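Peer 1: Questions regarding the structure given below will be posed in turn.
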Amino acid sequence: MQLTKERFVKTDGWQYYHFVQFFAATDGLTPQEAHAIGLELAQRKFPDFEVLVVTHIDTDILYSHLIVNSVSFQNGRKLHQSAADLQAHRLANDEVYAAHHLSILPPPQKQVQQKWMDTREYRSAAKGESWKFRLMNAIDQCMRFASTREDFISLMESEGYQVRWSATRKSITYTTPQGMKCRDDRLHELKYTKEIMEREFRIREKIIYICRAKTIRVPESIPKRGIRQYVAHEAEELERQFKTGYGEDGNLPFQEYAERWLARQVRYAPGTLESYRRMLERVYPFIGSI
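Here it is, written out as structure tokens:
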């Protein structure tokens, strides 16, 4: 990639563009299939640019990084990206998913500006030496076991990281064991932002309350023999609501819909905790280890 820039004497400005392609756990893709779909999207959207596609196989959710060179190897044209371009990429990705009969994931409710990799960071990441990527991995691992924000901070501190997370600050700030500081909005993925992580812990709080109470709530009118079928139906319905972002009336935000759904159930035995847990694992990306 760097040789292409030097060949066309375009070594200044944006060096690379970074995109992340997620796959739903329910699609049952193999890492090889996920990687091939990443290559397909890269060929479709950036045929004249070099693209490095890296597919993660060390997490519960399959996802790929697409690193796009900012200079075309064909004619030296400089790549420029806007919010409209990002939307076009998402639509193209949805079309690729539809062609492979994959779940089309919902767009984020609020677009947060993400930081692009500079040359030094890209080279470090390619060699596995990036302190920022190690930080992201530590966050992922701690989120697998943290039930609350306090648990998360404690786990990060046990790994040698300091976490500054307060209600009065817009961002979460991390300090690595080597003293490097980094805000959440510089970690390239929306899931690391304070807004998304706080939303995640609010969801976990509700789930933990249910699990500790050893109850799941279903209507009293449901006969005992129909309980499992009811839970399966509600799981599918909640997943549909999550993907569309709206509740049963078409206008209610999902978060409020989910809260109302929980509130209108009645107490019932612990037999379907595992079914409920599996449903939540499909709906929420971080929930697997709760």
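With positions in the sequence shown counted from 1, the corresponding number in our numbering is that position plus 1077.
Quick reminder that beta carbons are idealized off the backbone N, C-alpha and C, glycines included.
Keep in mind the model is a prediction, meaning the values are calculated, not measured.
Taking only the alpha-carbon atoms, compute the straight-line gap between residue 1118 and residue 1141 and give it to the nearest angstrom.
Peer 2: Taking the sequence shown and counting its residues from 1, the one referred to as residue 1118 is at position 41. Taking the sequence shown and counting its residues from 1, the one referred to as residue 1141 is at position 64. If I take the Cα positions, the gap works out to 11 Å.
Peer 1: Is the CB-CB distance between residue 1146 and residue 1078 below 8 Å?
Peer 2: Your numbering for residue 1146 matches position 69 in the sequence shown. Your numbering for residue 1078 matches position 1 in the sequence shown. Yes.
Peer 1: Measuring only the C-alpha atoms, how far is residue 1090 from residue 1159?
Peer 2: If you number the sequence shown from 1, residue 1090 lands on position 13. If you number the sequence shown from 1, residue 1159 lands on position 82. Cα to Cα, the separation comes out at about 15 Å.
Peer 1: With residue 1258 and residue 1250 assumed to form a contact (beta carbons below 8 Å), what rounded beta-carbon distance in angstroms separates them?
Peer 2: Counting from one through the sequence shown, the residue named residue 1258 turns up at place 181. Counting from one through the sequence shown, the residue named residue 1250 turns up at place 173. Confirmed, Cβ separation roughly 6 Å.
Peer 1: Hey, residue 1168 and residue 1144 are a contact pair by Cβ (cut 8 Å); roughly how many whole angstroms apart?
Peer 2: Counting from 1 along the sequence shown, the entry for residue 1168 is found at position 91. Counting from 1 along the sequence shown, the entry for residue 1144 is found at position 67. That belief does not hold up - the Cβ atoms of residue 1168 and residue 1144 are roughly 21 Å apart, past 8 Å.
Peer 1: Which residue wins for smallest C-alpha separation from residue 1265, given the options 1212, 1084 and 1218?
Peer 2: Position 188 of the sequence shown, counted from the start, is the residue given in the question as residue 1265. When each option's Cα is compared against that of residue 1265, the closest is 1212.
Peer 1: Residue 1455 lies in the beta strand (DSSP E); which residues open and close that run?
Peer 2: For residue 1455 there is no data in the structure shown, the boundaries of the chain being 1078 and 1367.
Peer 1: Are there 16 or more other CB atoms within 10 angstroms of the CB of residue 1222, so buried, or fewer, so exposed?
Peer 2: What you label residue 1222 is simply residue 145 of the sequence shown in a count that begins at 1. By the 10 Å Cβ count, residue 1222 comes out exposed.
Peer 1: Would you mind working out which of 1271, 1161, 1219 and 1297 sits nearest residue 1242, comparing C-alpha positions?
Peer 2: Here residue 1242 is taken as the residue at index 165 of the sequence shown, counted from 1. Of 1271, 1161, 1219 and 1297, the residue nearest in Cα terms is 1271.
Peer 1: Let me know the secondary structure DSSP gives residue 1095 once reduced to three states.
Peer 2: Residue numbering aside, residue 1095 sits at position 18 when the sequence shown is read from its first letter. If DSSP states are grouped into helix, strand and coil, residue 1095 belongs with the strands.
Peer 1: Could you check where the alpha helix (DSSP H) with residue 1086 kicks off and where it finishes?
Peer 2: Within the sequence shown, residue 1086 is the residue found at index 9, counting from 1. No alpha helix (DSSP H) contains residue 1086, which DSSP labels as neither H nor E.
Peer 1: With distances taken between CB atoms, is the gap from residue 1219 to residue 1229 smaller than 8 Å?
Peer 2: Mapped onto the sequence shown, residue 1219 falls at position 142. Mapped onto the sequence shown, residue 1229 falls at position 152. Yes; because the gap between Cβ atoms is below 8 Å, this pair is in contact.
Peer 1: Of all the options 1092, 1082, 1136 and 1208, which has the alpha carbon lying nearest to the alpha carbon of residue 1108?
Peer 2: For the purposes of this step, residue 1108 is taken as residue 31 along the sequence shown, with counting starting at 1. With distances taken between Cα atoms, residue 1108 lies closest to 1136.
Peer 1: Please tell me whether residue 1098 and residue 1170 are closer than 8 Å, where the distance is taken between their beta carbons.
Peer 2: For the purposes of this step, residue 1098 is identified with residue 21 of the sequence shown, where counting begins at 1. For the purposes of this step, residue 1170 is identified with residue 93 of the sequence shown, where counting begins at 1. Taking 8 Å as the Cβ cut-off, residue 1098 and residue 1170 qualify as a contacting pair.
Peer 1: Just curious, the beta strand (DSSP E) that residue 1260 is in, first and last residue?
Peer 2: Stepping through the sequence shown from its first residue, residue 1260 is reached at position 183. Run containing residue 1260: 1258–1260, per the beta strand (DSSP E) assignment.
Peer 1: Would you call residue 1088 buried or exposed, if buried means 16 or more other Cβ atoms sit within 10 Å of its Cβ?
Peer 2: For the purposes of this step, residue 1088 is identified with residue 11 of the sequence shown, where counting begins at 1. By the 10 Å Cβ count, residue 1088 comes out exposed.
Peer 1: Just to confirm before moving on: does the CB-CB distance between residue 1111 and residue 1081 stay below 8 Å?
Peer 2: To locate residue 1111, count along the sequence shown from 1; it is residue 34. To locate residue 1081, count along the sequence shown from 1; it is residue 4. No.
Peer 1: List the endpoints of the continuous beta strand (DSSP E) containing residue 1241.
Peer 2: To locate residue 1241, count along the sequence shown from 1; it is residue 164. That run of the beta strand (DSSP E) goes 1239–1241.
Peer 1: Taking only three categories from DSSP, how would you classify residue 1301?
Peer 2: Your numbering for residue 1301 matches position 224 in the sequence shown. In the structure shown, residue 1301 sits in a helix (DSSP, three-state: H, G or I).
Peer 1: Rounded to a whole number of angstroms, what is the C-alpha to C-alpha distance between residue 1093 and residue 1175?
Peer 2: To locate residue 1093, count along the sequence shown from 1; it is residue 16. To locate residue 1175, count along the sequence shown from 1; it is residue 98. Between residue 1093 and residue 1175, the C-alpha separation is close to 28 Å.
Peer 1: Using CA atoms only, rank isn't needed, just tell me which of 1178, 1275 and 1301 is closest to residue 1226.
Peer 2: Residue numbering aside, residue 1226 sits at position 149 when the sequence shown is read from its first letter. That would be 1275, whose Cα lies nearest to the Cα of residue 1226.
Peer 1: Give me, in chain order, the residues of the same chain whose beta-carbon lies closer than 8 Å to that of residue 1125; leave out the 5 immediate sequence neighbours on both sides.
Peer 2: By 1-based counting over the sequence shown, the position of residue 1125 is 48. So the qualifying residues of the chain are 1149, 1150, 1151, 1152 and 1154.
Peer 1: Roughly how many whole angstroms lie between the Cα atoms of residue 1173 and residue 1138?
Peer 2: Translated into the one-based positions of the sequence shown, residue 1173 becomes position 96. Translated into the one-based positions of the sequence shown, residue 1138 becomes position 61. One C-alpha to the other measures close to 19 Å.
Peer 1: Could you compute how far the alpha carbon of residue 1217 sits from the alpha carbon of residue 1238?
Peer 2: Here residue 1217 corresponds to residue number 140 of the sequence shown, with the count starting at 1. Here residue 1238 corresponds to residue number 161 of the sequence shown, with the count starting at 1. One C-alpha to the other measures close to 13 Å.
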